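One structure is given here, and the rest of the page talks about it.
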Amino acid sequence: MTTDALRLDGNSVAGLLQEIFGTEMTTAVGTCGGCGASEPLGAVHVYRGAGVVLRCPHCANPLVKIVKSETGTWIGSTGLRTLMVASSTVD
Amino acid sequence: MSFVSRGFHRRRSEDVDPARVPPGQYVTRDFPVLSAGPTPRTPLDRWSFSVTGEVDEPRTWTWDEFRALSNEEITRDIHCVTKWSKLDTVWRGVAIDTLLDGIETSAEHTLQVSDGGYTTNLPLEDLTGGKAWVVFEYDGEPLDPEHGGPARMLVPHLYFWKSAKWVRELRLQAVDEPGFWETNGYNNYGDPWREQRYWGD
Amino acid sequence: MAGAAVLGRLTWRVANVVDVDVETSRAKTISFDVPGWPGHRAGQHVDVRLTDEDGYQAERSYSIASAPGGTRIELTVERLDDGEVSPYLTDELRTGDRIELRGPIGGYFVWEPDEGGPVLLVGGGSGVVPLMAMIRRRDGAGSTADMRLLFSSRSWDDVIYRDELERRSGNGLTVVHTLTRTQPPGWTGYSRRIDGAMLDEVGPAPDQEPHVFVCGPTPFVEAVADALVRLGHQAHRIKTERFGPTGG
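Protein chains in written order, with the numbering used here: chain S, 34 to 124; chain Z, 24 to 224; chain R, 28 to 275.
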């Protein structure tokens with residue numbers, strides 16, 4: 034895939050994801066519903082358009098879309114087959 | 024709001040007629056680049072634009088055919104849902120009225136489809152009557168890929184996510200099909216003057 | 028302590044500026060005391076939020092430069108001329124000012140001494156900041172793990188942490204510079220953009236299975252990561268943090 038100078042990666046939305054999910058998510062592993070590849074969310078590509086889009090770094094399939102308003106946040110994850118969050122080792 | 028950062032000010036926009044600024048927007052002189060995905064790089068010799076769907080005869084134009092159509096210079100204000108507005112932007116493009124000229128349809132809805140898969144939906148009447156264009160120049164220069172080149176849609180009366188970058192197809196449909204952002208929280212219509220940003224606005 | 032720094036909902040805290048230090052003509056290190064700071068891991072960042080009198084807010088992320096220790100954290104900020112937040116942080120902030128921030132944030136782009144080495148750190152410009160936290164953490168923990176920093180800067184005067192990197196070299200830490208635009212008289216080091224040949228010379232070799240961390244502008248990070256994979260490094264051992272088109 035050619036370089037797109039504007040793209041970022043999941044680290045850039047780590048705070049937003051933690052706000053939404055209540056836990057650290059860059060180490061959560063997403064499996065792409067398009068090509069089946071698995072990557073930690075810290076490694077997926079992130080684009081900022083009208084909203085935020087997390088895309089598979091292998092096939093560019095949109096995994097997660099995030100639209101944040103003053104009253105709430107919409108999270109669409111139809112492009113994700115699964116998301117795996119490791120059990121906490123600290124309670 | 025309790026906390027204020029001493030000495031921090033948003034970059035001030037110059038004085039503008041407030042009647043030109045929709046609610047909740049601020050005017051910028053920049054042209055921020057926002058994108059939902061990687062920049063497509065379709066070479067012109069493989070580019071085409073099509074009108075498809077509920078039409079008697081689908082139409083397709085190659086780049087050369089598209090550029091041979093009558094086009095015009097358009098100066099409009101544009102408004103992004105992320106709150107910036109840019110006034111008096113200058114484009115050159117082909118009116119949707121020109122592209123649909125002579126086409127028979129009973130469709131009331133449209134879907135713009137772009138390279139890379141982005142889509143956005145609009146009523147057909149929001150694209151006709153001099154309200155929309157497929158543009159290929161910005162500010163007198165060929166449209167930059169990061170701003171949607173070689174050609175993008177321009178529908179300035181609505182929030183700018185309704186103007187698809189890298190547009191390749193206009194589908195006329197009997198059914199309204201919410202697009203990339205409309206299925207994920209952004210308003211189905213998107214009128215900046217009624218501040219229709221999100222679902223329920 | 029490490030767990031507390033990773034889990035749970037983030038809250039905005041008010042931090043006090045306790046020091047501002049010049050690093051280069053474009054970069055400054057700002058030290059904050061953050062009451063209630065839970066500690067952090069090397070590689071993590073904070074989100075900083077600025078609010079003006081009209082309620083307008085701007086938010087940006089900055090890597091934590093300092094190793095964990097108490098309630099003090101340091102951020103090294105490079106001024107982007109057309110930036111909205113960085114010029115405020117580098118030009119306006121003074122000791123005694125307060126700022127809102129939340130963190131620590133991150134879990135993917137982190138290194139702990141107990142992971143050991145070898146470790147390859149590749150930084151472009153201000154991309155060195157989270158890598159410096161790893162270097163400082165390594166020293167603070169008394170680790171002698173093989174850690175190598177390959178650091179790309181425009182010129183000798185633009186090298187952030189230049190003197191400190193020289194002081195810390197040795198004891199298993201190797202620092203290699205490449206200066207891509209101008210070099211000082213008598214310079215015998217690298218003077219080009221990082222490429223496969225340079226990475227091959229700096230090492231460690233792929234069969235040593237190093238942990239690799241690459242940080243800087245997006246084109247830099249992607250070029251380096253691609254070159255590493257072509258050399259034979261496993262993609263999943265290369266962790267990347269992109270700072271956007273021109274850097275953070």
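By construction, the Cβ of each residue, glycine as well, lies at the ideal position given by its N, Cα and C atoms. None of the values given here were measured: they were computed from a predicted structure.
Own chain, CB closer than 8 Å to residue i, minus 5 neighbours either side, in chain order
i       : result
H72(R)  : S88, Y89, S90, I91, G130, P131, I132, G133 and P157
P272(R) : P244, T245 and P246
V66(S)  : Note that residue 66(S) corresponds to Gly in the displayed sequence, not to Val. Taken in chain order, the residues that qualify are N94, L96, T111, G112, L113 and R114.
M225(R) : L177, T205, Y217 and R219
C92(S)  : C65, G67, C68 and A70
A76(S)  : D42, G43 and P90
G30(R)  : Since pLDDT at G30(R) reaches only 46, below the 50 mark, its modelled position is unreliable, and no value is offered.
Contact set for residue i: own chain, Cβ-Cβ below 7 Å, skip 5 residues either direction
i       : result
R52(Z)  : none
T117(R) : K55, V104 and R106
A13(R)  : The structure shown has nothing for residue 13(R), since chain R only spans 28 to 275.
N198(R) : T171
T142(Z) : L134, Q135, V136, G202 and F203
H102(Z) : P45, Q48, S108, Y182, F183 and P215
I53(S)  : T106 and I108
Nearest-angstrom Cα separation, counted from residue j out to residue i
i       : j       : result
D253(R) : R88(S)  : 18 Å
S45(S)  : A59(Z)  : 15 Å
V74(Z)  : R34(Z)  : 42 Å
N94(S)  : T64(S)  : 11 Å
L120(R) : D79(R)  : 14 Å
A91(Z)  : F72(Z)  : 13 Å
R181(R) : P212(R) : 15 Å
G154(R) : N94(Z)  : 46 Å
E218(Z) : T38(R)  : 30 Å
I100(R) : V136(Z) : 48 Å
N144(Z) : D199(Z) : 7 Å
Y209(Z) : W222(Z) : 6 Å
A155(Z) : P215(Z) : 16 Å
T62(Z)  : D37(S)  : 7 Å
G213(Z) : V45(R)  : 46 Å
D222(R) : P179(Z) : 45 Å
D190(R) : G259(R) : 33 Å
R115(Z) : N207(Z) : 31 Å
L147(Z) : E205(Z) : 16 Å
Nearest residue (CA-CA) to residue i, options the options
i       : options                               : result
S58(R)  : T201(R), G197(R), T103(R) and R36(R)  : T103(R)
L177(R) : G66(R), E228(R) and D184(R)           : E228(R)
P81(R)  : S28(Z), R82(Z) and P66(Z)             : Before going further, note that residue 81(R) is Asp rather than Pro in the sequence given. Residue S28(Z) is the option with its Cα nearest to D81(R).
R11(S)  : G105(S), R81(S) and G66(S)            : Nothing can be reported for residue 11(S): it is not among the residues displayed for chain S, which extend from 34 to 124.
Y188(R) : I162(R), G169(R), T209(R) and T171(R) : I162(R)
G152(Z) : T121(Z), G140(Z) and G171(Z)          : T121(Z)
A118(Z) : L166(Z), L177(Z) and W84(Z)           : L177(Z)
P173(Z) : H180(Z), P215(Z) and E164(Z)          : E164(Z)
T205(R) : D108(R), V241(R), V41(R) and G151(R)  : G151(R)
Y287(Z) : E205(Z), G47(Z) and I97(Z)            : Any property of residue 287(Z) remains undetermined from this structure, which presents chain Z solely from 24 to 224.
K101(S) : E131(Z), T105(Z) and T128(Z)          : T105(Z)
R53(R)  : E86(R), Q84(R) and P114(R)            : P114(R)
L166(Z) : F26(Z), S25(Z) and R64(Z)             : R64(Z)
T112(Z) : V50(Z), A197(Z) and G140(Z)           : V50(Z)
V39(Z)  : G171(Z), E88(Z) and D100(Z)           : D100(Z)
R69(Z)  : T83(Z), H170(Z) and K185(Z)           : T83(Z)
T85(Z)  : L195(Z), A197(Z) and R191(Z)          : R191(Z)
P23(R)  : V248(R), I126(R), E193(R) and V149(R) : Missing from the structure shown is residue 23(R); chain R here goes from 28 to 275 and no further.
G320(R) : Q84(R), D60(R), Y135(R) and D124(R)   : In this structure chain R extends from 28 to 275, so residue 320(R) is not present and cannot be described.
Close Cβ partners of residue i (< 6 Å) along its chain, the five nearest in sequence each way excluded
i       : result
H67(R)  : A32, I91, P95 and P131
L116(S) : A61 and G63
Limits of the unbroken beta strand (DSSP E) element including residue i
i       : result
I57(R)  : A54 to D60
P146(Z) : T142 to P146
E88(Z)  : Per DSSP, E88(Z) belongs to no beta strand (DSSP E); it is in the alpha helix (DSSP H), W86 to A91.
A42(R)  : R40 to V49
P73(S)  : S71 to P73
P272(R) : From DSSP, P272(R) is part of no beta strand (DSSP E); its letter is neither H nor E.
P173(Z) : First-last for P173(Z): undefined, no H or E at that position.
L148(R) : V146 to G151
V136(Z) : H132 to S137
Limits of the alpha helix (DSSP H) - the one that residue i falls within
i       : result
A92(R)  : Segment: none, A92(R) is in no alpha helix (DSSP H) and carries neither H nor E.
A61(S)  : A61(S) -> no alpha helix (DSSP H), and no H or E assigned at all.
E52(S)  : A47 to F54
G76(Z)  : G76(Z) -> not in any alpha helix (DSSP H); beta strand (DSSP E) instead, spanning S71 to G76.
V155(R) : V155 to G167
Closer than 7 Å to chain A by CB, residue i
i       : result
L177(Z) : Considering every chain present, this structure includes no chain A. Its protein chains are S, Z and R.
Closer than 6 Å: residue i CB and nearest the ligand ATP heavy atom
i       : result
S129(Z) : No copy of the ligand ATP occurs in the structure displayed, which carries no ligand at all.
Open item on the list: Quick check on the DSSP output: what are the complete alpha helix (DSSP H) runs of length 4 or more inside the stretch 193-255 of chain R, in order along the chain?
Closed with: Runs found: 223-229.
Open item on the list: My parser needs the alpha helix (DSSP H) runs of 4 or more residues fully inside the stretch 97-123 of chain Z; what are they?
Closed with: Entirely contained in the stretch 97-123 of chain Z, the alpha helix (DSSP H) runs reaching 4 residues are, in chain order, 119-122.
Task: Continuous beta strand (DSSP E) assignments of at least 3 residues falling wholly in the stretch 182-209 of chain Z - done: The stretch 182-209 of chain Z contains these whole beta strand (DSSP E) runs: 190-196.
Task: Minimum length 3: unbroken beta strand (DSSP E) runs contained in the stretch 71-120 of chain S - done: The qualifying runs are 71-73, 78-81, 85-88, 95-101, 106-109 and 113-117.
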